[in-house]
Amino acid sequence: MKLLVSLFIITAPALALAAGGGHHDGIPSAVMYQAINVAILVAGLIYFTKDGIVSFFSGRKAAYLEAAQKSAFAREQAEKEFVDIKNKLANLDATREESLRKAQAHADDMKKQILDEANEVTKRIRQDAELTAKLEVQRAQNELRNQLLKDSMEAARTVLTKDIGSADQQKLQKDFINHVGV
C-alpha cells in the first residue's frame with residue numbers, strides 16, 4: 221500500500237507535465253529553487269535534530285527494554301508462585317487422607333483417655349463412697365455399743381441398788397478382797 225502511494229506521488233508531477241499539452245518548456249527555475257530550498261531545509265533539520273531524535277528513540281528503546289525486563293521478571297515470579305500454589309494444592313490433596321486419618325486417630329486417643337479418666341474417677345468415687353459407708357456403719361455400731369453399755373450399766377446399777385441385800389453385799393466384798401488380794 222505504501223509502495224503504491226509513494227509511486228503515485230513520484231509520478232504525479234510527470235502526469236501534470238504531460239497534461240500540459242506536450243509543451244516542452246522544461247522545469248521552470250522557480251521550481252528548481254524551491255527544490256533546493258526544501259533540500260537545504262531537510263538537511264538542516266536532519267543535522268540539527270539528529271542528536272535529539274537519536275536520544276529520544278534510544279531513550280524509548282531503553283524504557284521499552286526495561287519495561288520488558290520487569291514484565292519478564294514479574295511473569296517469572298507469577299509462574300513460580302503459580303507452580304508453588306499448584307504444588308501446595310497437590311500436596312494438600314495428597315495428604316488429605318493422611319491428615320483425616322491422623323485427626324481420627326487423635327480423636328480416638330482423646331476419647332479413650334477421657335473414658336479412662338472417667339472410669340478412674342468413677343472407681344475413686346465408688347471407693348470413697350464404700351469407705352464412707354464403712355466408716356458410718358462403724359460409727360453407728362460404736363454409738364450403739366456405747367448406748368448399749370450405758371443402758372446396761374444403768375440397768376445393772378438399778379438392779380444392784382434395788383435387788384441386792386446386805387448378805388449379797390458382804391459376799392461381793394469378800395470375793396473382791398480375795399481376787400484383788402488386799
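For the sequence shown, the working numbering assigns the number 221 to the initial residue and increments by one for each residue that follows.
C-beta: ideal position from N, C-alpha, C; glycine also.
Please read these numbers as outputs of a predicted model, since none were measured by experiment.
For the pair E301 and R295, the Cα-to-Cα distance works out to about 10 angstroms. Here the alpha carbons of K370 and R359 stand approximately 16 angstroms from one another. In the three-state scheme derived from DSSP, where H, G and I count as helix and E and B as strand, M252 is classed as helix.
Secondary structure at M330: helix, using DSSP grouped into helix, strand and coil.
Pairing K382 with L355, the inter-Cα distance amounts to about 40 angstroms. One Cα belongs to R365, the other to A376, and the distance between them is close to 16 angstroms. In the three-state reduction of the DSSP assignment, M221 falls in the coil class, being assigned neither a helical nor a strand state. Spatial neighbours of D388 in its own chain (CB-CB distance under 7 angstroms, excluding positions within 5 residues in sequence) are not present. Close CB contacts of L285 within its chain, under the 6 angstroms cut and outside five residues either way in sequence, are absent.
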